[in-house]
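Q:
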Amino acid sequence: MSGRRAAIRCAPGTAERIVQAAVGALLAAFALDSLGDPLVAVVAAAGAAVLIVGAIRGWCPGGLLAQRAAARAARHQPEEPTRR
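Here the sequence shown is numbered in our numbering, starting from 317 and rising by one per residue.
#1: What number of angstroms, rounded off, separates the C-alpha of Asp353 from the C-alpha of Arg373?
#2: When the Cα atoms are used, what is the spatial distance from Leu367 to His392?
#3: State the Cα-Cα distance for the pair Ala341 and Arg388, rounded to the nearest angstrom.
#4: Can you tell me whether DSSP reads Pro377 as helix, strand or coil?
#5: Ordered along the chain, which non-local residues of its own chain (more than five positions away) have a Cβ less than 7 Å from that of Ala361?
#6: For Val356 and Ala365, what's the separation of their Cα atoms in angstroms?
#7: Name the residue from Gly378, Val369 and Ala386 whose alpha carbon lies nearest to the alpha carbon of Ala338.
#8: Applying the criterion that 16 or more other CB atoms from any shown protein chain within 10 Å of the CB defines a buried residue, is Ala390 buried or exposed?
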């Protein structure tokens, strides 16, 4: 069995996915408008890519952070003592 876990999904509905894709498109337009400042353009483009891909695949932007936090909590969870 592999150690890789399934991605945490928030199961967004159609309306949420459409709004997420629309916000991603607006952020992508902002990235294109900010080409004069490369740092802002790169950060905005990365955010737009996460939102658009998330809308297409059906996961929430915070799912990546939630998955890391869950893995960290599972690693640091103390073992339960065995009862006799």
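By construction, the Cβ of each residue, glycine as well, lies at the ideal position given by its N, Cα and C atoms.
These figures come from a predicted structure and were not determined experimentally.
A: By the coordinates alone:
#1: Position 37 of the sequence shown, counting from 1, holds the residue named residue 353. Position 57 of the sequence shown, counting from 1, holds the residue named residue 373. One alpha carbon belongs to Asp353, the other to Arg373, and they sit about 30 Å apart.
#2: Taking the sequence shown and counting its residues from 1, one reaches residue 367 at position 51. Taking the sequence shown and counting its residues from 1, one reaches residue 392 at position 76. Cα to Cα, the separation comes out at about 30 Å.
#3: One-based indexing of the sequence shown puts residue 341 at position 25. One-based indexing of the sequence shown puts residue 388 at position 72. Taking the straight line joining both Cα atoms gives about 33 Å.
#4: Here residue 377 is taken as the residue at index 61 of the sequence shown, counted from 1. Reduced to three states, the DSSP call for Pro377 is coil.
#5: Here residue 361 refers to the residue found at position 45 when the sequence shown is read from its first residue. Closer than 7 Å at Cβ, skipping near neighbours: Ala344 and Ala347.
#6: Residue 356 sits at position 40 when you count from the first residue of the sequence shown. Residue 365 sits at position 49 when you count from the first residue of the sequence shown. For Val356 and Ala365, the distance between alpha carbons rounds to 14 Å.
#7: Taking the sequence shown and counting its residues from 1, one reaches residue 338 at position 22. For Ala338, the nearest C-alpha among the options comes from Val369.
#8: Working through the sequence shown from its first residue, we reach residue 390 at position 74. Ala390 is exposed by the Cβ-count criterion.
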